[in-house]
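Inspection log for the structure reproduced underneath, given as structure tokens.
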Amino acid sequence: MRFSGLALIASAVVIGACGGGDKTPGTTDTAAKAASTTPAPTQAAGSTVPKMPATGKTWEVKMVGDGTNFKFEPANITIKVGDNVKWILISGGPHNVTFNPAEVPAAAKAQLLANMGENQMGEMMGPLFQNANDSYEVSFAGIPAGTYGFNCTPHLAMNMKGTVTVKP
Ligand code: CU
């Protein structure tokens, strides 16, 4: 028993080594090709589904800062699946909108990633905006009901946070 266990571990290590380093034709080549292909315009990098356009109303959330206090206004909104949220920079930038991938349910992840668009600075980290009236829109089409917390990366330590609660 002990011997066969060791043999299993040994073969697993060999398989792992082949998969990682060997440039044999087949799966490795296909993976490399897929990685170098430019994603379709409507599909965000790293997402596995196409972006879904909003079909409902647009909710506006202001991004406000005066050098001391930084906030989203309103911080918490309740919307319906298919609605659109538009964050607008009013003052005190740079601001952005970041959802925490660790807190987003697995069932929502791919679609939220896709709907956040192509300019993410990291996974679910929206682009930075500096100027008044700069805006960022995320469609909540295809997003399962639930509460999605977001924050502004530059002002996370100053508690610039909010939630989008999606109702079915
Ligand atoms: Cu901010």
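Quick note on the working numbering: the sequence shown kicks off at 6 and runs consecutively.
We treat Cβ as the ideally placed atom computed from N, Cα and C, and that holds for glycine.
What you are looking at is a predicted structure, and each value in this text was computed from that prediction instead of being measured.
Say the cut is 6 Å; is the CB of residue i nearer than that to a heavy atom of the ligand CU?
i: Met165; result: yes
i: Phe75; result: yes
i: Pro159; result: yes
Please classify residue i as buried or exposed, where buried requires at least 16 other C-beta atoms within 10 Å of its C-beta.
i: Asn156; result: buried
i: Asp27; result: Annotation note: pLDDT 42 at Asp27 (below 50); position unreliable, coordinate value reported separately. Classification of Asp27: exposed, given that the 10 Å Cβ count is below 16.
i: Lys172; result: exposed
i: Gly122; result: buried
i: Met126; result: exposed
i: Met165; result: buried
i: Leu161; result: exposed
i: Gly72; result: exposed
Measure the Cβ-Cβ separation of residue i and residue j and say whether it is below 7 Å.
i: Lys85; j: Gly61; result: yes
i: Phe145; j: Met129; result: no
i: Ala107; j: Thr53; result: no
i: Ile82; j: Ser140; result: no
i: Phe77; j: Met163; result: no
i: Met57; j: Gly147; result: yes
i: Val169; j: Gly131; result: no
i: Pro99; j: Pro159; result: yes
Pick out the complete alpha helix (DSSP H) segments inside the region 84 to 171, 4 residues or longer, and give them in chain order.
With a minimum length of 4 residues, the unbroken runs of alpha helix (DSSP H) contained wholly in the region 84 to 171 fall at 111 to 120.
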